[in-house]
Amino acid sequence: MLRVAARRLLSPSSSSSLRPMASSRNIINGADSSSSSNDDFRSNGFYGSGYLGPQFQLPCRGFSSESLTPRNEESLVPGVPATVAAVKNPTSKIVYDEYNHERYPPGDPSKRAFAYFVLTGGRFVYASLIRLLILKFVLSMSASKDVLAMASLEVDLSSIEPGSTVTVKWRGKPVFIRRRTEEDIKLANSVDLGSLRDPQQDAERVKNPEWLVVVGVCTHLGCIPLPNAGDFGGWFCPCHGSHYDISGRIRKGPAPYNLEVPSYSFLDENKMLIG
Numbered sequence: 185m186l187r188v189a190a191r192r193l194l195s196p197s198s199s200s201s202l203r204p205m206a207s208s209r210n211i212i213n214g215a216d217s218s219s220s221s222n223d224d225f226r227s228n229g230f231y232g233s234g235y236l237g238p239q240f241q242l243p244c245r246g247f248s249s250e251s252l253t254p255r256n257e258e259s260l261v262p263g264v265p266a267t268v269a270a271v272k273n274p275t276s277k278i279v280y281d282e283y284n285h286e287r288y289p290p291g292d293p294s295k296r297a298f299a300y301f302v303l304t305g306g307r308f309v310y311a312s313l314i315r316l317l318i319l320k321f322v323l324s325m326s327a328s329k330d331v332l333a334m335a336s337l338e339v340d341l342s343s344i345e346p347g348s349t350v351t352v353k354w355r356g357k358p359v360f361i362r363r364r365t366e367e368d369i370k371l372a373n374s375v376d377l378g379s380l381r382d383p384q385q386d387a388e389r390v391k392n393p394e395w396l397v398v399v400g401v402c403t404h405l406g407c408i409p410l411p412n413a414g415d416f417g418g419w420f421c422p423c424h425g426s427h428y429d430i431s432g433r434i435r436k437g438p439a440p441y442n443l444e445v446p447s448y449s450f451l452d453e454n455k456m457l458i459g
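Heads up: the sequence shown begins at 185 in the working numbering, then just goes up one per residue.
See the structure below:
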């Protein structure tokens with residue numbers, strides 16, 4: 185609407201009626217007209233009508249105002265918008281508008297305590313969250329209660345007769361417990377170590393010569409050997425024909441190693457703890 189009104193005022197048809205107004209004052213050039221033109225303007229009756237006085241006639245500049253669009257003589261580069269001129273010609277002379285807010289200088293002592301309190305509290309919260317995540321991760325890697333219950337096994341040895349073998353389950357695997365006689369002990373110690381595939385003395389495999397404890401899994405392909413069988417009176421694996429002696433050492437067949445000896449200890453004379 186403002187543009188339409190401006191066009192009508194500046195049209196040639198209205199130039200004759202607006203000639204006194206235009207000659208009254210030139211806002212752009214900043215020069216005043218003669219007093220005779222002002223008298224002509226008053227005689228034509230413009231002051232009594234709805235027209236503005238000559239001192240209020242501003243150049244039509246669209247919807248912008250002088251406060252938003254600076255004059256050409258005040259701008260850094262004539263004919264260039266203020267934002268473009270500011271980007272192309274940076275300056276350190278910046279004037280902040282403090283009409284709606286109050287600016288505090290950097291390092292205001294009255295604000296340091298609050299800033300330190302906020303920063304310290306935030307860091308404490310972050311550290312607590314990181315600690316919680318680390319604890320959750322470590323606890324997730326630990327064994328559960330059912331696994332810990334199977335970690336050790338207590339065995340009563342009082343019911344095992346000399347020369348017999350008992351099989352117990354430990355950690356999902358069979359464990360052979362053999363109560364050896366004096367002849368079994370002498371036979372195990374009389375073997376030449378040079379003839380063994382996996383050389384190992386009998387004293388290295390037992391804590392008490394009377395008791396032999398081995399894991400009942402063949403070292404070839406994981407089969408379960410049969411006790412008191414084979415060519416050497418120990419264990420025999422029927423899957424591929426591996427023979428173990430009375431000390432659980434491999435003597436014949438494809439198995440590469442001796443039977444594994446688990447960790448165990450004697451709680452007393454008739455009790456053993458495996459694991």
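The beta carbon of each residue, even a glycine, is placed where N, CA and C say it ideally should be.
Keep in mind it's a predicted model, so treat the numbers as computed, not measured.
- Counting only the Cα atoms, Asp376 lies some 43 Å from Ala327.
- Per DSSP, the beta-bridge partners of Cys421 are Ser426.
- Secondary structure note for Arg307: its alpha helix (DSSP H) is the uninterrupted segment 293 to 325.
- Taking each of Leu380, Pro438, Gly356, Ser343 in turn and checking the Cα distance to Arg362, the smallest one comes out for Ser343.
- Pairwise C-beta distances place the stretch 395 to 405 in contact with the stretch 343 to 360, as three or more of them are shorter than 8 Å.
- For Leu377, the three-state secondary structure derived from DSSP is helix.
- The shortest CA-to-CA distance from Arg435 to any of Lys455, Ser379, Pro274 is the one to Ser379.
- For Val268, the secondary structure class from DSSP, reduced to helix, strand or coil, is helix.
- By the CB criterion at 8 Å, Asp386 and Ser431 fall inside the cutoff.
- For Leu405, the closest C-alpha among the options Pro440, Gly418, Ser449 is that of Pro440.
- 8 Å or more divides the Cβ of Thr403 from the Cβ of Leu451.
- Leu337 places its beta carbon less than 8 Å from that of Gly459.
- Comparing alpha carbon positions, the residue from Gly418, Asn412, Gly417, Ile408 closest to His424 is Ile408.
- For Leu371, the closest C-alpha among the options Leu323, Ala311, Val445, Gly417 is that of Gly417.
- Counting only residues of its own chain and dropping the five nearest sequence neighbours on each side, Pro438 has a CB closer than 8 Å to the CB of His404, His424, Gly425, Ser426.
- By alpha-carbon distance to Glu388, the top candidate from Asn373, Val399, Tyr310 is Asn373.
- Annotated three-state conformation of Glu338 is strand, per DSSP.
- DSSP places Leu371 within a helical segment (H, G or I) once states are collapsed to three.
- Excluding the 5 residues flanking it on each side, Val390 has same chain C-beta neighbours closer than 6 Å at Leu396, in chain order.
- Boundaries of the beta strand (DSSP E) harbouring Ser449: 448 to 452, taken from the DSSP string.
- Taking Val401 as reference, the option from Asn454, Ala297, Tyr448, Phe360 with the minimal CA-CA separation is Phe360.
- Apart from the 5 residues on each side of it in sequence, Ser449 sits with its Cβ closer than 8 Å to the Cβ of Lys391, Met456, Leu457 in its chain, given in chain order.
- Nearest in C-alpha terms to Ile369, of all of Val322, Ile314, Arg355, Asp429, is Asp429.
- In the structure shown, Lys353 adopts extended strand secondary structure according to DSSP, grouped into three states.
- The alpha-carbon separation between Phe308 and Ser276 amounts to approximately 39 Å.
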